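A.B. asks: Shown below is the structure under consideration.
Protein chains: 2
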Amino acid sequence: MRTLKDRQLEQLGKNHAVVKFKKDSTIIHQGMFSTNVVFLREGLVKVHITGPYNEQIVRLIKAPTYLGLPTTFGNKINQYSVTAILDSEACFIDINLFRKVLEENNNFSAYIIQELSKSELESYHRCANRAQKQTRGNLADVFLDLSDNIFESDSFTLPISQSDIGNLVDASRESINRLLSEFINDNIIEMKGRKVKILNKKSLQLISSNG
Amino acid sequence: MRTLKDRQLEQLGKNHAVVKFKKDSTIIHQGMFSTNVVFLREGLVKVHITGPYNEQIVRLIKAPTYLGLPTTFGNKINQYSVTAILDSEACFIDINLFRKVLEENNNFSAYIIQELSKSELESYHRCANRAQKQTRGNLADVFLDLSDNIFESDSFTLPISQSDIGNLVDASRESINRLLSEFINDNIIEMKGRKVKILNKKSLQLISSNG
DNA sequence: ATAAAAAAGTGATACAAGTCACAATATAAT
DNA sequence: ATTATATTGTGACTTGTATCACTTTTTTAT
Numbered sequence: 001m002r003t004l005k006d007r008q009l010e011q012l013g014k015n016h017a018v019v020k021f022k023k024d025s026t027i028i029h030q031g032m033f034s035t036n037v038v039f040l041r042e043g044l045v046k047v048h049i050t051g052p053y054n055e056q057i058v059r060l061i062k063a064p065t066y067l068g069l070p071t072t073f074g075n076k077i078n079q080y081s082v083t084a085i086l087d088s089e090a091c092f093i094d095i096n097l098f099r100k101v102l103e104e105n106n107n108f109s110a111y112i113i114q115e116l117s118k119s120e121l122e123s124y125h126r127c128a129n130r131a132q133k134q135t136r137g138n139l140a141d142v143f144l145d146l147s148d149n150i151f152e153s154d155s156f157t158l159p160i161s162q163s164d165i166g167n168l169v170d171a172s173r174e175s176i177n178r179l180l181s182e183f184i185n186d187n188i189i190e191m192k193g194r195k196v197k198i199l200n201k202k203s204l205q206l207i208s209s210n211g
Numbered sequence: 212m213r214t215l216k217d218r219q220l221e222q223l224g225k226n227h228a229v230v231k232f233k234k235d236s237t238i239i240h241q242g243m244f245s246t247n248v249v250f251l252r253e254g255l256v257k258v259h260i261t262g263p264y265n266e267q268i269v270r271l272i273k274a275p276t277y278l279g280l281p282t283t284f285g286n287k288i289n290q291y292s293v294t295a296i297l298d299s300e301a302c303f304i305d306i307n308l309f310r311k312v313l314e315e316n317n318n319f320s321a322y323i324i325q326e327l328s329k330s331e332l333e334s335y336h337r338c339a340n341r342a343q344k345q346t347r348g349n350l351a352d353v354f355l356d357l358s359d360n361i362f363e364s365d366s367f368t369l370p371i372s373q374s375d376i377g378n379l380v381d382a383s384r385e386s387i388n389r390l391l392s393e394f395i396n397d398n399i400i401e402m403k404g405r406k407v408k409i410l411n412k413k414s415l416q417l418i419s420s421n422g
């Protein structure tokens, strides 16, 4: 499946320039008219959406991935924002071309459907977790996600602020801060500025599943 | 698009029996092996998933809709459960047939992609709302959804228990009960058993957007 | 019809996490 | 370098909502 994606990317990317985005710059702007799908080649982004009160971070996604699909098939106004949280690279693919490739290549459709399905499932799980766990457990999950999936290492640099973490797990900045102190105090993680080292992943996993 | 769906349904449904489900019977069982996609022709269902502590109701969906797509393209184990909350009718479509139709009919793929995209967006919005509003606002949203989208009427019969509502909006049964009393007391809704009449939709909308 | 099981109603209490209010560092900008 | 701005660290206090512990009502089963 990976090779398919790459082959397809080649086809789609041939006549599309790669655009570089610095950390903190916005790749997709909610509310803006758009006629592109974005293929994120490299980097890490946050997807955020205007909530009833604040801007809400919905999820972090790392490359490679497609972004902005809902815009492609619904109206042409972006329904959410995507901001780079690490330097990233993306290519913009014209919607019509994208649709044409979908039409011509059934495997590609199947691939996109699969990705969307996966994302739906993840969404359900996130939903269930956030709701049932308390902040400590959700925070542990963020660190596990960063370590296991995003950076694939026990040492990494936090790509977002404590207040963003709070926003992501539906907690206040202050609560996150206090819980981080707690984690550090319990020798579960070590932090120097935003440099994180996970000292006791077992504990994190325990916290994730219990609290 | 609607006609396309109907045409497609015809094609898919031709050799597939319609199965009737009584209220409260399970249509899709999480954890079970399955080789079908379900097309819900008629009725109303809840999608629920095993959370870290409880079973979590993720959303209500009314017919017509496809269910179980993630199973189709990922592994063959159902990743969530779907239970009828009103008498419903569904047809079961063999995965291979479904895939074949997807392959042969690009419009159908496009339609499925569109549906999945829409569902992703809804998911993001639900997420942002649940997180930022308190229970009163989320409860108002449930009533607005039931009235505006699901039953398209100001009078309807609650299809789920208070404890399910609580589960759906991440609150306890008791909180829902207290808030309902409050709504009734404020002449926002009227309830006789599970028969609901919305008396003041404006208020509900206000509560939805403020609290 | 009657027993059994769910669902709904309600008070008392507890607590996780929000909010407010500053102080202390960092980071970015001129 | 030196402001200006953003982020982080903490204490004190408040609050929405969970939990517990019943009672009452409704529904389902026998």
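For the protein sequence lines, the chains are A and B, in the order given. Take the first sequence: its position 175, counted from the start at 1, is 175 in the numbering used here, and no numbers get skipped. Adding 211 to a residue's 1-based position in the second sequence gives its number in the numbering used here. Using N, Cα and C, we set each Cβ at its ideal position, and we do this for glycine too. As the structure is a computational prediction, the values presented were derived from the model and not from experiment.
1. Nearest chain A C-beta to P275/B closer than 9 Å, yes or no?
2. Would you give the residue range spanned by the alpha helix (DSSP H) that H227/B belongs to?
3. Could you run through the region 163–190 of chain A and flag, in chain order, every residue whose CB is less than 7 Å away from some CB of chain B?
4. At a Cβ threshold of 9 Å, is L206/A touching chain B?
5. Suppose only complete runs of 3+ residues qualify. What are the beta strand (DSSP E) ranges in the region 133–162 of chain A, listed by chain order?
6. Checking contacts by CB at 9 Å: is A110/A closer than that to chain B?
7. 9 Å is my cut-off, CB to CB: does K118/A come that close to chain B?
8. Could you give the distance in angstroms between the alpha-carbon of L222/A and the alpha-carbon of R178/A?
9. Do D164/A and the ligand ADP come close, with the Cβ less than 8 Å from some heavy atom?
10. For the region 73–103 of chain A, enumerate the residues whose C-beta is nearer than 9 Å to any C-beta of chain B, in chain order.
11. According to DSSP, is I376/B part of a helix, a strand, or is it coil?
12. Do the CB positions of N378/B and I268/B come within less than 9 Å of each other?
13. Exposed or buried, what is M1/A when buried is set at 16 or more other beta-carbons lying within 10 Å of its beta-carbon?
14. Would a C-beta distance cut-off of 9 Å place F232/B and E300/B closer than the cut-off?
15. Check R2/A in the structure and name its three-state DSSP category.
16. Helix or strand or just coil, what does DSSP make of R99/A?
17. Please work out which residues of its chain come closer than 8 Å, Cβ to Cβ, to G348/B, disregarding the five sequence neighbours upstream and downstream, and give them in chain order.
18. Between the region 349–371 of chain B and chain A, which residues of the former have CB atoms less than 9 Å from a CB of the latter, in chain order?
19. Is the beta carbon of K412/B closer than 9 Å to that of L357/B?
20. Would you say K20/A faces chain B, with C-beta separation under 9 Å as the test?
21. Excluding five sequence neighbours on each side, which residues of the same chain lie with their C-beta closer than 7 Å to the C-beta of I387/B?
22. Between the beta-carbon of Q114/A and the beta-carbon of F309/B, is there less than 9 Å?
23. Please list, in chain order, the chain A residues whose beta carbon lies closer than 8 Å to that of L280/B.
24. May I have the straight-line CA-CA distance separating R173/A from L180/A, to the nearest angstrom?
25. Contact criterion: CB-CB distance below 9 Å. Does V269/B meet it with respect to chain A?
26. Does the beta carbon of R126/A come closer than 9 Å to any beta carbon on chain B?
27. Using 10 angstroms around the beta-carbon of Y232/A, count the other beta-carbons present and answer buried if the total reaches 16, otherwise exposed.
28. Using a beta-carbon distance below 9 Å, is A17/A in contact with chain B?
29. Which term fits S109/A, buried or exposed, when burial requires 16 or more other beta carbons within 10 angstroms of its beta carbon?
30. So what does V196/A bridge to, in DSSP terms?
31. State the start and end residues of the unbroken alpha helix (DSSP H) segment that holds F183/B.
32. Comparing alpha-carbon positions, which option in E120/A, Y66/A, I112/A, K192/A lies nearest E42/A?
C.D. replies: In terms of the structure at hand:
1. no
2. That residue, H227/B, is in no alpha helix (DSSP H); it is neither H nor E in DSSP.
3. D170
4. no
5. 155–157
6. yes
7. yes
8. Lying outside 1 to 211, the shown extent of chain A, residue 222/A is not represented and no answer is given.
9. No copy of the ligand ADP occurs in the structure displayed, which carries no ligand at all.
10. F73, G74, Q79, Y80, R99, L102, E103
11. helix
12. yes
13. Model confidence at M1/A stands at a pLDDT of 45, short of 50, so the residue's coordinates are unreliable; what they give is reported in the following sentence. Burial call: exposed.
14. yes
15. Bear in mind that the predicted position of R2/A carries a pLDDT of just 45, short of 50, making it unreliable; the figure below should be weighed with that in mind. Helix at R2/A.
16. helix
17. N340, I418, S419, S420, N421, G422
18. none
19. no
20. no
21. L350, Q373, I376, G377
22. no
23. I113, S117, E120
24. 11 Å
25. yes
26. yes
27. No answer is possible for residue 232/A: the residues shown for chain A start at 1 and end at 211.
28. no
29. buried
30. F156/A, M191/A
31. Nothing can be reported for residue 183/B: it is not among the residues displayed for chain B, which extend from 212 to 422.
32. Y66/A
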